[in-house]
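Structure record follows, encoded as structure tokens.
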Amino acid sequence: MKKFRKVLDGLTTSSPVNPGGSPACGSAAGTPSAAPTPREIEIQETLMSEHFQICKTVRHGFPYQPTALAFDPVQKILAVGSRSGGVRLLGRPGVDCHCQHESGAAVLQLQFLINEGALVTACADDTLHLWNLRQRRPAILHSLKFNRERITFCHLPFQSKWLYVGTERGNTHIVNIESFVLSGYVIMWNKAIELSTKTHPGPVVHLSDSPKDEGKLLIGFESGTIVMWDLRAKRADFRIYYDEAIHSVSWHHEGRQFMCSHSDGSLSMWNMRNTAKPFQVTFPHGKTQRDGRKESCKPILKVEYKTSRNSEAFVVFSGGLSYDKAGRRPTLTIMHGKAITVLEMDYPIVDFLVLCDTPYLNEVQEPYAVVVLLEKDFVVVDLTQSNFPIFENPYPMDIHESPVTCTAYFADCPPDIIPVLYSIGAKHKKTGYSHKEWPVSGGTWTVGSQTYPEIIVTGHADGSIKFWDATAITLQMLYKLKTSKVFEKPKSGDVGRSGELVEEDPYAVQMISWCPQSRIFCVVGISAHVILYRFSKHDANTTITSLEVRLQCEMEDVISPSDTENTPCFSDPSGLSPQPQPPSPRSNTPDSARDSIPCLKVKDRMIRMPPGYQAELVVQLLWIDGEPPQQITSLDLNSAYGLLALGNCNGLAVVDYLQKTVLLCMNTLELYGSADPFQRLTRSPRKNRQSTSGLTELSDNQVSLDLERSKSPTSVKGPGRKLSLPTDLKTDLESRENSFSRSRSSSVSSIDRETKEAVTTLQFMESYGRKSDTLPTPCLWVGTSLGLVLIIPMSIPTDEQERQEDPVTVAPTGTVLMLKGSILRFGFLDCGGALIHNPYEVWRDQQVPDDPDRPRKRKLVNFSPSSSQEASGDGHLAVVCSERQAKVFFMPSQACLYVHNITESSFVLRADVVSVCNSVCLACFCANGHIMTLSLPSLRPLLDVAYLPLTDMRIARTFCFTNGGQALYLCSPTEIQRITYSQEMCDNLQEMLGELFTPIETPEAQNRGFLKGFFSGNAQTFDREELFGEAAAGKASRSLAQHIPGQGGMEGMKAAAGGVVGELARARIALDERGQRLGELEERTALMMTSAETFSKHAHELMLKCKDKKWYQF
201 MKKFRKVLDG
211 LTTSSPVNPG
221 GSPACGSAAG
231 TPSAAPTPRE
241 IEIQETLMSE
251 HFQICKTVRH
261 GFPYQPTALA
271 FDPVQKILAV
281 GSRSGGVRLL
291 GRPGVDCHCQ
301 HESGAAVLQL
311 QFLINEGALV
321 TACADDTLHL
331 WNLRQRRPAI
341 LHSLKFNRER
351 ITFCHLPFQS
361 KWLYVGTERG
371 NTHIVNIESF
381 VLSGYVIMWN
391 KAIELSTKTH
401 PGPVVHLSDS
411 PKDEGKLLIG
421 FESGTIVMWD
431 LRAKRADFRI
441 YYDEAIHSVS
451 WHHEGRQFMC
461 SHSDGSLSMW
471 NMRNTAKPFQ
481 VTFPHGKTQR
491 DGRKESCKPI
501 LKVEYKTSRN
511 SEAFVVFSGG
521 LSYDKAGRRP
531 TLTIMHGKAI
541 TVLEMDYPIV
551 DFLVLCDTPY
561 LNEVQEPYAV
571 VVLLEKDFVV
581 VDLTQSNFPI
591 FENPYPMDIH
601 ESPVTCTAYF
611 ADCPPDIIPV
621 LYSIGAKHKK
631 TGYSHKEWPV
641 SGGTWTVGSQ
651 TYPEIIVTGH
661 ADGSIKFWDA
671 TAITLQMLYK
681 LKTSKVFEKP
691 KSGDVGRSGE
701 LVEEDPYAVQ
711 MISWCPQSRI
721 FCVVGISAHV
731 ILYRFSKHDA
741 NTTITSLEVR
751 LQCEMEDVIS
761 PSDTENTPCF
771 SDPSGLSPQP
781 QPPSPRSNTP
791 DSARDSIPCL
801 KVKDRMIRMP
811 PGYQAELVVQ
821 LLWIDGEPPQ
831 QITSLDLNSA
841 YGLLALGNCN
851 GLAVVDYLQK
861 TVLLCMNTLE
871 LYGSADPFQR
881 LTRSPRKNRQ
891 STSGLTELSD
901 NQVSLDLERS
911 KSPTSVKGPG
921 RKLSLPTDLK
931 TDLESRENSF
941 SRSRSSSVSS
951 IDRETKEAVT
961 TLQFMESYGR
971 KSDTLPTPCL
981 WVGTSLGLVL
991 IIPMSIPTDE
1001 QERQEDPVTV
1011 APTGTVLMLK
1021 GSILRFGFLD
1031 CGGALIHNPY
1041 EVWRDQQVPD
1051 DPDRPRKRKL
1061 VNFSPSSSQE
1071 ASGDGHLAVV
1081 CSERQAKVFF
1091 MPSQACLYVH
1101 NITESSFVLR
1111 ADVVSVCNSV
1121 CLACFCANGH
1131 IMTLSLPSLR
1141 PLLDVAYLPL
1151 TDMRIARTFC
1161 FTNGGQALYL
1171 CSPTEIQRIT
1181 YSQEMCDNLQ
1191 EMLGELFTPI
1201 ETPEAQNRGF
1211 LKGFFSGNAQ
1221 TFDREELFGE
1231 AAAGKASRSL
1241 AQHIPGQGGM
1251 EGMKAAAGGV
1261 VGELARARIA
1271 LDERGQRLGE
1281 LEERTALMMT
1291 SAETFSKHAH
1301 ELMLKCKDKK
1311 WYQF
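The working numbering numbers the first residue of the sequence shown as 201 and each following residue consecutively.
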């Protein structure tokens, strides 16, 4: 434990600060503080660097750009591979694990070692990997890199240790999965086909052993050639040459026939007794035309042929539709007897698997479900019911239903909020799902001991909001809110007033502000609107109040301190209320004629609102003289005050949502009064016409990253060009470096005419607006993109009746603090170093009628009005973080206690004051990918880790910290990655994660019976070791493939001592010992050969010497 003592004399221990009270560290106006302040402040900081560590916890959402699918029918675990080299392992809800190949190569194929707790992945860099799934965080045990051939297909027979690998050259290699080395047994393509064949058969697209005889391997080549290879005899049993290319092959369980899918949309059935031609060829979706020919169809990319005891066989395939049906959605076809069912999918099908009861291919399969992997979705179809319903997906696979535009993370929420949201959201769930249990039910998971309520909120491009229960590293959707229902739909042929503003997503969510205690929720939309919602358990019929605000900057004169001598103080809110607006023109109105109209039209009639969040107020910024409103860059809401503040690059507006009035509407320069630290020219909006979208280009130097973070991820259209978002921050970083150096240069006496000073952050708090204040009062802290902080005190009536009737007084005082870079975050600590929470109102249901005898009153928490003498007058600490540095000020004296320059070469994207390990710290995420934590209040660096090597605008917009040492960001357009920066959570992560492997006995093979086996030809078994082992097949060429030992880790080796991983580890050791013995054997063999040659030489000489002698001459 470290103790800090600080004398409040204007000095700092972190870096020197000018004691003279210059604008760099204190107030630019005002008199010395007369408030009683302690001569000495003692704060005990308990956080140390050993309390922090960066670690990924869990990934939620649909795997981005999926490529492969596999299922373990005994363990009931599903694996999904992706184009970026990721592998997602799914079991019962809570069992969800993400693995990543370091190479980042796309996953081509997945093969489970069924019921062994291991997985083989084949990647696009022609490498095979063996993953150990017997530990909570799977790790690679072995890798095998092919150097001269490209992998196209893999097949691992059940309960076999030999993996068949087909290549692009048409060869088939065999890998021992215990030692992960190649066997000397190779099936060369020129041996598989007839010598008379003049053309290459193409890559291997299918490998499977015959259910009837494991010693027979069926090899399918892309060109249409099929070979049944006898592994023992090392020759082909038969060869099939078909005219159409082959995409997949599927066996009947008895091994007497198989089915192929082809590129012309046909299915061919082949009998093992006669392979000269198929005994059946069908075009499931091809109709016969008038001339007798079949209409051309799309390829059938995959087919599965599964038998059932009590019904006819199932044939399931994807593709095969006729080409004439343009625009038809992708389909999965289920043929059951004569019935054909076509299931249309929302997205293209990547792969599918038919789930069966038995892992044995030579038994009746009894299919019960089909897992369909789509490009952007994941569907499981129930085959046991005739209408083929789908299962309700327990995983959060629909995060990307509409593109995510912003996120918020709330840890340690009120315990009652999750059940309430779930009960409301459950009423709107879809119906018609299968009543059976979710079939992917493997693994085990239990809720950890250290859990607390967590909620993630996502905003989307279509204006929807989703609330997710994120407790205990799971994710489950609670409630969905559609903000677009507040507005009128544009009529057909009339794109509405927002047509030029945002063509594609006029309702896209930019920011959200939520008070879980009062359950008041605010949404900022891309069309420069704010919607305020209240929560109710009852439905209501009500009208939505609409307020329209003009935020503009029209002054043309040079501003100097002498120009504005009096600080504006607004006590009459009616003077700032918007005037009645003219009717909104139609979309064909020219820009120059657009004035005093909002971008969207709010519904002005009585609306029935269901239980849940109900819109109460909409605040919209207006077009001004043909200029569209600039997008809102900052927002804050305080339920205790009943106030809402919003800002953009033109200025600030404060709204009283209880009285439905606008209290303050001023441009940024007017807020400073005489305290403006710069002499500058303000531009008229007509001089520098902005894009209507507000998604300004990255070269627009002074726009803060909060503005950038709030952009919609979709393209937007301005009145002259269409802007699409960049993919990285390099240009932005360079331009901001330039703007920073220009705007901070000491030689510049006035700010550039093009400068826009955006309001980048806002926060209501009990604070001190002036140095002379002795008691805290409600204040609004305002941070701008030029690094300036303004404190605006307010006078709010304390009596509930007066609060509803009397005006709230807002009085900008001119108090200014300065930092380097755009202001990102405020935080407030008491004199003991504890976090001061915002005042709030306890939730009450507005739709419940009041009892006349017991009228309900507003219950406020942490609200200490200025009239109360019980309020603490000891002062507090204000933490201010900008893109470049952090400062801690003591209020009300405004003395700068600590300064820390966070970064010089980059800039901070996100900063939050968070609670960790019963203490408080400042957490920062920088554009160069670094995550940092600083102690409070001393701003000592505790953690600095280069977490992300590269970053992009998606991560910049969605990265957020929360209490408990957690954070999240959108790692892909469809996935949320949660991380922790707490050492304690890293230590406890193992018990929080689910177990992928559960010890289960492998089901026994069915007894086929003597007669059935006699007449059907009982399945023959053979010893693959005799064929593929080194003793029989020899060694493979070393140049063909390279073995790479994996980094399995000690935990995995201990966990797998009795399983396949232990066997593999022992096999590796035995292999090393065997290699040493082989080396010694080679040396002994060489000596024996030399000795034999010497003996042969001497014997030959003796023979020549004695060959002419008679027997009696010896």
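Even glycine gets a Cβ: it sits at the ideal position worked out from N, Cα and C.
I'd like the list of long-range same chain contacts for residue i, defined as Cβ closer than 6 Å, with 5 residues on each side in sequence excluded.
i	result
M248	none
C1126	T1103, S1106 and V1108
R1154	L1170
S215	A caution first: S215 carries a pLDDT of 46, below 50, which makes its placement in the model too unreliable to give a value.
I314	D272, V274, F358 and P559
M388	N371
Y442	G424
Can you name the residues that DSSP bridges to residue i?
i	result
F346	A1241
T541	I534
E1175	G261 and S1172
W823	DSSP output for W823 lists no bridge partner at all.
K494	T488
C373	According to the sequence displayed, residue 373 carries His and not Cys. Beta-bridge pairing links H373 to V365 and V386.
Q480	M469
K506	F514
N741	R808
Short check: CB of residue i to CB of residue j, under 9 Å?
i	j	result
Y857	L817	yes
V542	L532	yes
L269	V571	yes
L1196	G424	no
V989	G1027	no
T743	R805	yes
Y505	M459	yes
E1041	L1060	yes
D662	A708	yes
P976	T861	no
L871	G842	no
D430	K412	no
So, at 7 Å on beta carbons, what are the nonlocal neighbours of residue i in its own chain, with the 5 sequence-adjacent residues on each side left out?
i	result
R528	L521
T984	T868, E957, A958, V959, T960 and I1023
Please list the terminal residues of the continuous alpha helix (DSSP H) segment that includes residue i.
i	result
Y1098	That residue, Y1098, is in no alpha helix (DSSP H); its beta strand (DSSP E) goes A1095 to N1101.
R1154	M1153 to T1158
M1018	Taken as a continuous stretch (DSSP letters only), M1018 belongs to no alpha helix (DSSP H), being part of the beta strand (DSSP E) at T1015 to M1018.
E1225	R1224 to F1228
Q1190	Q1183 to M1192
Would residue i pass as an interface residue toward chain B - the criterion being a Cβ-Cβ separation below 9 Å?
i	result
H1100	In summary, chain B is missing from the structure at hand, where a single protein chain is found.
For the beta strand (DSSP E) containing residue i, name the first residue and the last one.
i	result
L869	That residue, L869, is in no beta strand (DSSP E); its alpha helix (DSSP H) goes T868 to Y872.
C460	Q457 to H462
R1003	R1003 -> not in any beta strand (DSSP E); alpha helix (DSSP H) instead, spanning E1000 to E1005.
S448	I446 to W451
R734	H729 to S736
Please return the same chain residues whose Cβ sits closer than 8 Å to the Cβ of residue i, not counting the five positions on each side in sequence.
i	result
V405	T352, F353, G366, G420, F421, E422, I446, H447 and S448
Y633	P589, I590, F591 and E592
The ligand GDP heavy atoms versus the CB of residue i: any closer than 8 Å?
i	result
E1175	The ligand GDP is not part of the structure shown, which contains no ligands of any sort.
### Message
At 3 residues or longer, what runs of the beta strand (DSSP E) sit wholly inside the stretch 265–344?
### Response
266–272, 277–282, 286–290, 296–300, 307–313, 318–323 and 327–332
### Task
Quick one: which unbroken alpha helix (DSSP H) runs of 4-plus residues sit fully inside the stretch 598–676? Chain order, please.
Taking 4 residues as the shortest admissible run, the stretch 598–676 contains the following complete alpha helix (DSSP H) segments, listed from N- to C-terminal end: 617–626.
### Task
Would you list, in sequence order, the uninterrupted beta strand (DSSP E) runs of no fewer than 3 residues that lie entirely inside the stretch 1115–1148?
1119–1126, 1130–1135 and 1141–1146
### Query
Curious, which full-length beta strand (DSSP E) runs of at least 3 residues does the stretch 397–456 contain?
Entirely contained in the stretch 397–456, the beta strand (DSSP E) runs reaching 3 residues are, in chain order, 404–409, 416–421, 425–430, 435–441 and 446–451.
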